[in-house]
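Residue numbers (our numbering), protein chains in the order written: chain V, 43 to 380; chain D, 43 to 380.
Using N, Cα and C, we set each Cβ at its ideal position, and we do this for glycine too.
Quick caveat: nothing in here was measured; it's all calculated off a predicted structure.
Number of protein chains: 2
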Amino acid sequence: MAAHQVTIKDIAKILGISASTVSRALKDHPDISPKTKKMVQAFAEKVQYRPNALALNLRRSKTNTIGIILPEIVHHFFSSVLAGIDKIAYAAGYNVMICQSSEDYDREVSDAQALLDNRVDGVLMSLSKTTHQYDHIRNLIDHGVPVVFFDRAPEEIEADKVIIDDFTGSKIATHHLIAIGCKKILHLAGPQHLSIGQRRKEGYIAALEENGFSYNPEYIIKCDTRDEVFANAGKILKMANEIDGIFAVNDSTAIAAMQVLLKNDIRIPEHISVIGFGDGPNATIAYPPLSTVEQKGIEMGQEAVKLLIKHIESENEIHANETKILTPVLRIRESTTK
Amino acid sequence: MAAHQVTIKDIAKILGISASTVSRALKDHPDISPKTKKMVQAFAEKVQYRPNALALNLRRSKTNTIGIILPEIVHHFFSSVLAGIDKIAYAAGYNVMICQSSEDYDREVSDAQALLDNRVDGVLMSLSKTTHQYDHIRNLIDHGVPVVFFDRAPEEIEADKVIIDDFTGSKIATHHLIAIGCKKILHLAGPQHLSIGQRRKEGYIAALEENGFSYNPEYIIKCDTRDEVFANAGKILKMANEIDGIFAVNDSTAIAAMQVLLKNDIRIPEHISVIGFGDGPNATIAYPPLSTVEQKGIEMGQEAVKLLIKHIESENEIHANETKILTPVLRIRESTTK
DNA sequence: AACGACACCGCAAACGTTTGCGGTGTCGTT
DNA sequence: AACGACACCGCAAACGTTTGCGGTGTCGTT
Numbered sequence: 043m044a045a046h047q048v049t050i051k052d053i054a055k056i057l058g059i060s061a062s063t064v065s066r067a068l069k070d071h072p073d074i075s076p077k078t079k080k081m082v083q084a085f086a087e088k089v090q091y092r093p094n095a096l097a098l099n100l101r102r103s104k105t106n107t108i109g110i111i112l113p114e115i116v117h118h119f120f121s122s123v124l125a126g127i128d129k130i131a132y133a134a135g136y137n138v139m140i141c142q143s144s145e146d147y148d149r150e151v152s153d154a155q156a157l158l159d160n161r162v163d164g165v166l167m168s169l170s171k172t173t174h175q176y177d178h179i180r181n182l183i184d185h186g187v188p189v190v191f192f193d194r195a196p197e198e199i200e201a202d203k204v205i206i207d208d209f210t211g212s213k214i215a216t217h218h219l220i221a222i223g224c225k226k227i228l229h230l231a232g233p234q235h236l237s238i239g240q241r242r243k244e245g246y247i248a249a250l251e252e253n254g255f256s257y258n259p260e261y262i263i264k265c266d267t268r269d270e271v272f273a274n275a276g277k278i279l280k281m282a283n284e285i286d287g288i289f290a291v292n293d294s295t296a297i298a299a300m301q302v303l304l305k306n307d308i309r310i311p312e313h314i315s316v317i318g319f320g321d322g323p324n325a326t327i328a329y330p331p332l333s334t335v336e337q338k339g340i341e342m343g344q345e346a347v348k349l350l351i352k353h354i355e356s357e358n359e360i361h362a363n364e365t366k367i368l369t370p371v372l373r374i375r376e377s378t379t380k
Numbered sequence: 043m044a045a046h047q048v049t050i051k052d053i054a055k056i057l058g059i060s061a062s063t064v065s066r067a068l069k070d071h072p073d074i075s076p077k078t079k080k081m082v083q084a085f086a087e088k089v090q091y092r093p094n095a096l097a098l099n100l101r102r103s104k105t106n107t108i109g110i111i112l113p114e115i116v117h118h119f120f121s122s123v124l125a126g127i128d129k130i131a132y133a134a135g136y137n138v139m140i141c142q143s144s145e146d147y148d149r150e151v152s153d154a155q156a157l158l159d160n161r162v163d164g165v166l167m168s169l170s171k172t173t174h175q176y177d178h179i180r181n182l183i184d185h186g187v188p189v190v191f192f193d194r195a196p197e198e199i200e201a202d203k204v205i206i207d208d209f210t211g212s213k214i215a216t217h218h219l220i221a222i223g224c225k226k227i228l229h230l231a232g233p234q235h236l237s238i239g240q241r242r243k244e245g246y247i248a249a250l251e252e253n254g255f256s257y258n259p260e261y262i263i264k265c266d267t268r269d270e271v272f273a274n275a276g277k278i279l280k281m282a283n284e285i286d287g288i289f290a291v292n293d294s295t296a297i298a299a300m301q302v303l304l305k306n307d308i309r310i311p312e313h314i315s316v317i318g319f320g321d322g323p324n325a326t327i328a329y330p331p332l333s334t335v336e337q338k339g340i341e342m343g344q345e346a347v348k349l350l351i352k353h354i355e356s357e358n359e360i361h362a363n364e365t366k367i368l369t370p371v372l373r374i375r376e377s378t379t380k
């Protein structure tokens, strides 16, 4: 056991011909006689010859591998994106190499370097929350590695991007709250240096203004994780008498907020209506089922990897950067059904 | 732009020395004079030289890459395992190449082949539900690729394995139901050709017998996904009058069952107590919060990759296969708190 | 008889590294 | 003067492929 894999050289030696002939016979090159081809192909089949991908990669300096850098694997949205990527990549004959930055800038930088060292054909990437500069990304691009961003994309970098229309999405969500009668809406917001956090806040503000409501900065709290909700529970409960609606930047924040409110006998949606953003499986499992804005991770992954493969395989044609914007859809459930 | 990466040859040519000297200077080999070392190292630093991983891999036929084959990425348990793997692997200097079989045997076979072609140093794997034969795995092992299974492992294959003690886990869960007064307990079971499904059923049966209950085969339904619960809703509701407890093979099945029961005005836990298996974030979000058996995905991933790395780096010492059994812990929540 | 056309195959270099081995040059010692 | 010890460096082969180029052999044609 631990048998070494049979190589072209092995076949050549055993069959008494040169490695070049074996190589050509295997790929049906016209220079090789039918008799030799048959012999080589039959023998290769018999010994289960498989080309060594390492050698191929080195030769053509192409690896048929796509690198992925994302903030967290254990996160329903990102793992759906992964699933979408994987499906298309597999069908197109690419492998995927995955790195998670764990929302850490330094890790993101070293991941980018590792992918470059391994000569991946392209990189799919979503920024970590702690990333404020982009030299590691420019480094990839300067070395000819195509980069496509999904979800969290930097405005400063020219590249293909697949994002959802966060502005419109949160505008729709806020409009919905207003439509069912909410007048004082709290926004649990994401970090403002990520366009995603910023856009969602802007959509919220725009919806208020379109409805002639004055926008109250006190009704915006930076709070975008379950833990932050619990940390800010006092603050939120103190406002609970004033407000009648909450729009949270993501579902798990919305759900945690609902749990805090329910525990303090504040009824949802009768007292406060709540809407989230994302539509993972949690939304349907939550109590009450959470209204939210659907953010199709699988579709985002598929679109991103399609753009990347197109870029990779278009070789040296000039490449015009594309930004694909997915339009979000409102999913109304019981948390906003009075 | 699209600048090609600088190589040892480039450095050698520019500095007017041989590639061998550059190579040795970079790794501080004693044969090289301090002056040359300084010169090479300074220059390499300046031009940001990075070794080409492809060439290194070919040379030492080692890739510093770990292959992973798992059924689904979009699944909280598996994505936590991934996160656990990634953390340890990254710290140890390994990259990870991930393939999802999507519960499809053919895909699993071709994934295994792809990992072999890419000469990964080892494989971490959890079987798909449709895998009933193991030649693709034997093929890996026969070619000297260490394989470590996690969670879903075949009994027929000799290899390192990290599993949880499914038998004890479900025995504990069933005992708990009995302890709070349940006498007729329905088991929503997993597929019986996977040891995981089988063991959990056996634990359920053992708990019944230890308490002197007769075991009723009609109280076992093959049903281990949300969709299957909805498909079997009629059957389950028909039994709802007789039974007073449900032990489901996993959390999402348990939660779907609770939703079906609640919709038909059957109260939980007053009328029927429900317990699951897994303890993902869904359990705390469910209504009522779901009692379950904790199955630490992150820890499982970490243990599995540690075993694998140990195997990889022990080289040619004889390797005794280990099976690591993680002990599950009961998490009591409101779904079983009368 | 000589030449061209064609079929078929192998040499060698290349991708970017590493490393055993041998070679040169400079000392100090006898 | 000759030798040994040592420092320092380069050649060449190797990992497993691919591919341009050239080479040989067999025809048929004139």
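Next item on the list: Can you tell me which of the three DSSP states Thr173(D) falls into?
Entry: DSSP places Thr173(D) in coil when its eight states are reduced to three.
Note to self: Using beta carbons (cut-off 9 Å, strictly below), is Ala156(D) in contact with chain V?
What the structure shows: So, interface residue.
Next item on the list: Could you name the residues of the same chain whose beta carbon sits closer than 8 Å to that of Met139(V), not counting the 5 residues immediately before and after it, in chain order?
Entry: So the qualifying residues of the chain are Thr107, Ile108, Gly109, Ile110, Leu157, Asn160, Val162.
Notebook entry, point to check: Helix or strand or just coil, what does DSSP make of Thr210(D)?
Noted result: helix
Notebook entry, point to check: Which residues of chain D have a Cβ atom closer than 7 Å to the Cβ of Gln47(V), listed in chain order?
Noted result: Taking a Cβ-Cβ threshold of 7 Å, the residues of chain D close to Gln47(V) are His185, in chain order.
Notebook entry, point to check: Can you name, in chain order, every residue of its own chain whose Cβ lies under 7 Å from the Cβ of Asp128(D), other than the five neighbours on each side?
Noted result: Val138
Checklist line | Length at least 3, wholly inside the stretch 290-326 of chain D: the beta strand (DSSP E) runs in chain order | finding: 315-317
Margin query: Please report whether the beta-carbon of Ile111(D) lies at a distance below 9 Å from any beta-carbon of chain V.
Written below: no
Note to self: Measuring alpha carbon to alpha carbon, tell me which residue in Gln90(D), Ile206(D), Lys69(D) is nearest Asp52(D).
What the structure shows: Gln90(D)
Note to self: Could you compute how far the alpha carbon of Ser62(D) sits from the alpha carbon of Ser103(D)?
What the structure shows: 20 Å
Next item on the list: Can you grab the Cα-Cα spacing for the pair Gly322(V) / His118(D), in whole Å?
Entry: Between Gly322(V) and His118(D), the alpha-carbon positions lie close to 12 Å from each other.
Item checked: Straight-line Cα distance separating Asn99(D) from Asp70(V) -> 28 Å
Checklist line | C-beta contact flag for Ile317(D) and Thr267(D) at 9 Å | finding: no
Notebook entry, point to check: In terms of alpha-carbon separation, which member of Thr365(V), Ile179(V), Ile130(V) lies closest to Asp153(V)?
Noted result: Ile179(V)
Note to self: For a cutoff of 9 Å on Cβ pairs, would you count Val371(V) as touching chain D?
What the structure shows: no
Next item on the list: Could you pull out every unbroken alpha helix (DSSP H) segment of at least 4 residues lying fully inside the stretch 47-117 of chain V, listed in chain order?
Entry: 50-57, 61-68, 76-88, 95-102
Margin query: Helix, strand or coil, according to DSSP, for Arg161(V) in the structure here?
Written below: coil
Notebook entry, point to check: With burial defined as no fewer than 16 other Cβ atoms inside 10 Å of the residue's Cβ, what is the status of Glu87(V): buried or exposed?
Noted result: exposed
Checklist line | Bridge-paired residues (DSSP) for His229(D) | finding: Under DSSP, His229(D) takes part in a beta bridge, and its partners are Ile262(D), Phe289(D).
Margin query: Please report the distance separating the alpha-carbon of Ile56(D) from that of Ile50(D).
Written below: 10 Å
Next item on the list: Anything in the stretch 90-103 of chain D with a Cβ closer than 8 Å to a Cβ of chain V? List those residues in chain order, please.
Entry: Among the residues of the stretch 90-103 of chain D, those with a Cβ less than 8 Å away from any Cβ of chain V are Arg92, Pro93, Asn94, Ala95, Leu96, Ala97, Asn99, Leu100, Ser103, in the order of the chain.
Note to self: Which residue wins for smallest C-alpha separation from Thr173(V), given the options Ala231(V), Asp184(V), Gly186(V), Ile199(V)?
What the structure shows: Ile199(V)
Check: What residues from the stretch 137-171 of chain V come within 9 Å of chain D, judged by C-beta to C-beta, listed N to C?
Finding: Asn137, Val138, Met139, Ile140, Cys141, Gln142, Ser144, Arg149, Ser152, Asp153, Gln155, Ala156, Leu157, Leu158, Asp159, Asn160, Arg161
Note to self: Nearest by alpha-carbon distance to Val335(V): which of Val48(V), Ile374(V), Leu96(V) is it?
What the structure shows: Ile374(V)
Next item on the list: State yes or no: is the C-beta of Gln83(V) within less than 9 Å of the C-beta of Leu96(V)?
Entry: no
Item checked: Phe289(D) to Ile262(V) span [Cα, whole Å] -> 43 Å
Notebook entry, point to check: DSSP puts Phe191(D) in a beta bridge; with which residues?
Noted result: Met167(D), Lys203(D)
Item checked: For Glu260(D) and Leu169(D), the rounded distance between their alpha carbons -> 28 Å
Next item on the list: Give the residues of chain V in contact with Ile214(D), contact being defined as C-beta atoms less than 8 Å apart.
Entry: Going along chain V, no residue has its Cβ under 8 Å from Ile214(D), so there is no contact; the nearest lies around 24 Å.
Note to self: What residue range does the beta strand (DSSP E) around Lys366(V) cover?
What the structure shows: 365-368
Next item on the list: Please determine, among Asn324(V), Asp193(V), Val371(V), Ile278(V), the residue with the shortest C-alpha to C-alpha distance to Ser294(V).
Entry: The candidate whose alpha carbon is nearest that of Ser294(V) is Asn324(V).
Checklist line | Contact set between Asp128(D) and chain V, taken where Cβ atoms lie within less than 8 Å | finding: Ile115, Ile140, Cys141, Gln142
Next item on the list: Would you kindly report the start and end of the unbroken alpha helix (DSSP H) that includes Leu236(D)?
Entry: Element bounds for Leu236(D): n/a, residue is neither H nor E.
Notebook entry, point to check: For Leu10(V), which option in Ile220(V), Ala298(V), Ile115(V) has the closest C-alpha, if you only look at C-alpha atoms?
Noted result: In the structure as shown, chain V begins at 43 and stops at 380. Residue 10(V) is therefore absent and cannot be evaluated.
Next item on the list: Measure the alpha-carbon distance for Ser256(V) versus Ala296(V) and round it to whole angstroms.
Entry: 23 Å
Checklist line | When Ser121(V), Gln175(V), Lys225(V), Ser212(V) are compared against Ile12(V), the one with the closest alpha-carbon | finding: One cannot answer for residue 12(V) here, as it falls past the ends of chain V, which runs 43 to 380.
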